[in-house]
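> Once you've had a glance at the structure underneath, I'll fire off some questions.
Numbering (UniProt numbering), first residue to last: 1 to 351.
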């Protein structure tokens, strides 16, 4: 010990003068291909099979799954020849990026039998094979707690903030794409829109009115943006509030091949003061929009002319090529959920 301790003390002193924080980089996980070459087609000659194929022990079918294509050109990797990495074809890219009007996410899913029975047997026989889970039961003493509506509204508002944050993180520079995803309307454009009541922009999904939150009368400070999942405590609802959203007619003409029975295209106009009674949540939404606009800062030189100024109205208009920078369809769905929950999608009361 008498020889080890002096050496250990000297090593610790030298280490204290060196770098104390070492960057940690997790090793990249190599993608493993699940592709299995399909088997050759079996023979359908009766003489080649002593018994039926259903009773034979030979494997005539093997499930195979190829590697999913990537959005950009993949780098050279040491992969097996049957399943090399490949870039998404133009047809595949159009298939996954075009359905913005329907706002449908095209994924394969399997509904559990507790929600959708198979229907192969009668209802009595199907219920016996249900898995364990929670099922609806009628209770004469069932009562809802009074803050249920506010809780649901808070979850919808928090979902919009979460989708906007994820969209802001994934938004890259324009990458040669001249069309923006989100931009501010000029005061002249907003005045023309209010006069005509229509929106003359193609591929428009929504228009958001999100002004900066005013300073507090007592503290003389603006509220701090809050991304907390807990219900806010600073909700303030003025006596007269505009509706959460209104529909604007689109001045873009529909194709002539559409029948007359289809209604004209309308774009929702959202008001953040009605959709977000909480000042801290409204400040968080405004900060996220500023973060997205920071990636679109080149628009100041492309669209702004001399003598014009921007308003606090944000135009959301994605295109088929915008998923290369970021997919804003989740934000549009979250906005539409708020509209539907506030009874803007149908007539009548909510509950």
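Even for Gly, the Cβ is constructed at its ideal location relative to N, Cα and C.
By the 10 Å Cβ neighbour count, where 16 or more other Cβ atoms means buried, how is residue 149 classified, buried or exposed?
exposed
> So, at 7 Å on beta carbons, what are the nonlocal neighbours of residue 311 in its own chain, with the 5 sequence-adjacent residues on each side left out?
184, 185, 186, 187 and 190
> Would you identify the three-state DSSP class for residue 43, choosing helix, strand or coil?
coil
> Out of curiosity, what's the CA-to-CA distance linking residue 40 and residue 320?
39 Å
> Could you tell me if residue 317 is buried or exposed, where buried requires 16 or more neighbouring beta carbons within 10 angstroms of its beta carbon?
buried
> Just tell me which of 247, 315, 27 and 213 has its CA closest to the CA of residue 282.
213
> Tell me which same chain residues have a C-beta within less than 8 Å of the C-beta of residue 4, skipping the five on either side of it?
none
> Tell me the rounded alpha-carbon separation between residue 154 and residue 205.
The alpha-carbon separation between residue 154 and residue 205 amounts to approximately 23 Å.
> Hey, is the stretch 189-203 in contact with the stretch 243-253, meaning 3+ C-beta pairs nearer than 8 Å?
Touching, per the Cβ criterion.
> Output needed for residue 74: all residues of its chain with C-beta closer than 8 Å, excluding positions within five of it in sequence on either side, in chain order.
85, 86 and 87
> State the CB to CB distance for the pair residue 270 and residue 208, rounded to an integer number of angstroms; the pair is presumed to be in contact (CB under 8 Å).
About 5 Å; that satisfies the 8 Å criterion.
> Tell me the DSSP secondary structure of residue 221 in three-state form.
coil
> Name the one or two DSSP bridge partners that residue 270 has.
Beta-bridge pairing by DSSP links residue 270 to 208 and 245.
> Please return the same chain residues whose Cβ sits closer than 7 Å to the Cβ of residue 235, not counting the five positions on each side in sequence.
277 and 278
> Need the endpoints of the beta strand (DSSP E) that residue 188 sits in, please.
From DSSP, residue 188 is part of no beta strand (DSSP E) but of the alpha helix (DSSP H) over 187-196.
> Since residue 165 is in the alpha helix (DSSP H), which residue starts that stretch and which ends it?
148-170
> Where does residue 144 sit, in a helix, a strand or coil, going by DSSP?
Three-state DSSP puts residue 144 in coil, outside helix and strand.
> Taking the continuous alpha helix (DSSP H) assigned at residue 314, which residues delimit it?
Element bounds for residue 314: not the alpha helix (DSSP H) but the beta strand (DSSP E), 310-316.
> Could you tell me the distance, in whole angstroms, from the CA atom of residue 313 to the CA atom of residue 165?
19 Å
> With DSSP as the reference, label residue 75 as helix, strand or coil.
The answer is coil: DSSP assigns residue 75 none of H, G, I, E or B.
> In angstroms, rounded to a whole number, what distance separates the CA positions of residue 182 and residue 315?
6 Å
> Residue 221: which of 240, 280 and 244 sits nearest, CA to CA?
Of the candidates 240, 280 and 244, the one whose C-alpha sits nearest the C-alpha of residue 221 is 280.
> Let me know if residue 323 comes out buried or exposed under the rule of 16 or more other beta-carbons within 10 Å of its beta-carbon.
Counting the other CB atoms within 10 Å of its CB gives residue 323 a total of 16 or more, which places it among the buried residues.
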